[in-house]
Amino acid sequence: MSIRNEFLSLLLFFLFITMPANSMAGPNTENGLILDDLIKEAMESNPEIMAARAKWQSAEAIIKAKGALPDPQFSYTYFVENIETRVGPQRHVFSVRQSFPFYGKRNLRAEVADNEAHALKENYEAVKRSVIQRLKRAYYELFYVHKAIDITQDEKELLKRYEIIARTKYETGMGSQQDILKVQVEISHLNDKLLSLGNQKQMAEATINTLLNRLPDQPLGKPIAPRIEKIPYGLDELLKMAEDNRQEVKAASALIERNREAYRLAKRDYFPDLTLGVNYFDISQGPLSVADNGNDAWNIVFSINLPIWYNKLSSQVKSALEGVKASQKFRRDTLNLALFEVKDNHYKLITAQETIDLYENALIPQAEQSLKSAEAGYVAGKVSFLDLLDAQRVLLKIHFGYWRAIADYAQRLADLERAVGVDLSEIPGKQG
Numbered sequence: 004m005s006i007r008n009e010f011l012s013l014l015l016f017f018l019f020i021t022m023p024a025n026s027m028a029g030p031n032t033e034n035g036l037i038l039d040d041l042i043k044e045a046m047e048s049n050p051e052i053m054a055a056r057a058k059w060q061s062a063e064a065i066i067k068a069k070g071a072l073p074d075p076q077f078s079y080t081y082f083v084e085n086i087e088t089r090v091g092p093q094r095h096v097f098s099v100r101q102s103f104p105f106y107g108k109r110n111l112r113a114e115v116a117d118n119e120a121h122a123l124k125e126n127y128e129a130v131k132r133s134v135i136q137r138l139k140r141a142y143y144e145l146f147y148v149h150k151a152i153d154i155t156q157d158e159k160e161l162l163k164r165y166e167i168i169a170r171t172k173y174e175t176g177m178g179s180q181q182d183i184l185k186v187q188v189e190i191s192h193l194n195d196k197l198l199s200l201g202n203q204k205q206m207a208e209a210t211i212n213t214l215l216n217r218l219p220d221q222p223l224g225k226p227i228a229p230r231i232e233k234i235p236y237g238l239d240e241l242l243k244m245a246e247d248n249r250q251e252v253k254a255a256s257a258l259i260e261r262n263r264e265a266y267r268l269a270k271r272d273y274f275p276d277l278t279l280g281v282n283y284f285d286i287s288q289g290p291l292s293v294a295d296n297g298n299d300a301w302n303i304v305f306s307i308n309l310p311i312w313y314n315k316l317s318s319q320v321k322s323a324l325e326g327v328k329a330s331q332k333f334r335r336d337t338l339n340l341a342l343f344e345v346k347d348n349h350y351k352l353i354t355a356q357e358t359i360d361l362y363e364n365a366l367i368p369q370a371e372q373s374l375k376s377a378e379a380g381y382v383a384g385k386v387s388f389l390d391l392l393d394a395q396r397v398l399l400k401i402h403f404g405y406w407r408a409i410a411d412y413a414q415r416l417a418d419l420e421r422a423v424g425v426d427l428s429e430i431p432g433k434q435g
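Numbered as in my numbering, the sequence shown ends at 435 without a single skipped number.
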């Protein structure tokens, strides 16, 4: 080998060993975007959450009113022509009435309202869990996009080094101009990739800002890499969690109780309600000299309604009973869907974990070794520049796939937590 070739080989070797490596570490946490802070802000600012909370609180406030007595009635009668009686003419009549629903009706109405409020409370909790899920998914999508941008920028710098190497070999007569053009095309592809990633970044940031009730274009920092830990729960435990904790299932259970109380209330309509009243008669003195002349009079009134229209009442009872059956079927359907979501997301979470393991233990080491071999072969003139670019392209694709799998795992965990209705990291007794 000539001195020139030896010098060129040393130069190429130096360029290769000083190239930036693709980092496998997560993003710097300094000044990072903290997920817990975003969740706290969403709980206080998200309009969907605030609307659901207001509906629940509105239903809570009406419970006492539903169980209260109806308003008393006051009436006044003025006689245009006085009615003559033995003790004098009647001029005015004042009346007060108070209705008393049949025993148990007021309590049942309050129970119906209470269960309606309970269902709305669980719906409020479900909305909170849904917002947290969507926020986590957008957060980890933004994390992936930031990581993909960083990787693409590193790859772009690496290809610029390749361009220097290819140009050096071409100028010394050891390479072709075609190699320079190939690497320039690859750099252009990466520039196009960066444009696409920039759009994805804007979409992820807009999603987060919308959930936080901010302007969509408000800038955000870099998310922090998620912790990848195997959950210490089996599928059977997760299914039991969903049955006990899923907010939609609990809301459906509250609706069953609400309709049962409504059914009992409908049957009480077969019994009459009581109305008590007092009439006060304003009497003037009459022309006759009799006892009690001109004395005012009063009486007590007792009345009940007559629930005699059986067809109407039986229709109301039948309707209420069908409401109970419908709510039971609805709960069963809601639970089935929740259990399916648990199974589906548990499977996807396990698959994501296995994919991460495959990347870390096989694909990434193999691709890095392949690239090192291609670089050494290119320096020695045993490997073509196209083979070198292919090896680098494969490693780039694998790095994208690895961080996509990391983000997918975090998103699948968020989906699983939504399915079971609780944050799995907050359950005591099985952590560690």
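Built from N, CA and C at the ideal position, the CB exists for glycine as well.
Predicted, not measured: the structure shown is a model, and the values here were computed from it.
Enumerate in chain order the residues of its own chain whose CB-to-CB distance from V397 is below 6 Å, with the five nearest sequence positions on each side excluded. A370
Taking all protein chains shown into account, do 16 or more other C-beta atoms lie within 10 angstroms of the C-beta of D247, making it buried, or fewer, making it exposed? exposed
Three or more beta-carbon pairs under 8 Å between the stretch 383–398 and the stretch 202–209, yes or no? no
Let me confirm a value: E128 is counted as buried when at least 16 other C-beta atoms fall within 10 Å, else exposed. Which label applies? buried
Tell me which residue opens and which closes the beta strand (DSSP E) that N285 is part of. According to the sequence provided, residue 285 is Asp. The question's Asn does not apply to it. Here the beta strand (DSSP E) through D285 covers L277 to I286.
Could you compute how far the alpha carbon of K124 sits from the alpha carbon of A254? 8 Å
Could you have a look at L419 and say whether DSSP puts it in helix, strand or coil? helix
Using three-state DSSP, classify A228 as helix, strand or coil. coil
Taking DSSP's pairing of strands, which residues face T80 in a bridge? V96
Given L51, which residues of its chain have a CB within under 7 Å of its CB, disregarding the five upstream and five downstream residues? In the sequence on display, residue 51 carries Glu and not Leu. Excluding residues within five positions, the ones whose Cβ falls inside 7 Å are V130 and V134.
Nearest to N348 by alpha carbon, out of W301, Q187, L241 and I311? L241
Quick one, which of A71, P92 and I401 has its alpha-carbon nearest F284's? P92
Spatial neighbours of A383 in its chain, beta-carbon cut-off 7 Å, leaving aside the 5 residues before and after: none
Element boundaries [beta strand (DSSP E), containing W312]: It is not in any beta strand (DSSP E) - W312 carries neither H nor E in the DSSP assignment.
Tell me the start and end of each unbroken alpha helix (DSSP H) in the stretch 308–369 that is at least 4 residues and wholly inside, in chain order. 313–361
Based on Cα-Cα distance, which residue from D272, K159, E357 and I359 lies nearest to L316? D272
Give me, in chain order, the residues of the same chain whose beta-carbon lies closer than 6 Å to that of D2; leave out the 5 immediate sequence neighbours on both sides. There is simply no residue 2 to check, as the chain begins at 4 and stops at 435 in what is shown.
Could you tell me the distance, in whole angstroms, from the CA atom of F103 to the CA atom of A265? 19 Å
Closest to R100 by C-alpha separation, out of A120, F82 and S78, would be which residue? S78
Report yes or no: do three or more beta-carbon pairs, one from the stretch 169–178 and one from the stretch 190–197, lie closer than 8 Å? no
Ranges of the beta strand (DSSP E) found wholly within the stretch 153–236, counting only runs of at least 3: none
How close, in whole Å, do the beta carbons of S256 and R334 come, if the pair is a contact with beta carbons under 8 Å? 6 Å
For I86, which three-state DSSP category applies? strand
Name the two residues that bound the continuous alpha helix (DSSP H) containing R271. Q250 to R271
Nonlocal neighbours in the same chain, by C-beta distance under 6 Å from L277, ignoring five residues either side: F103 and I307
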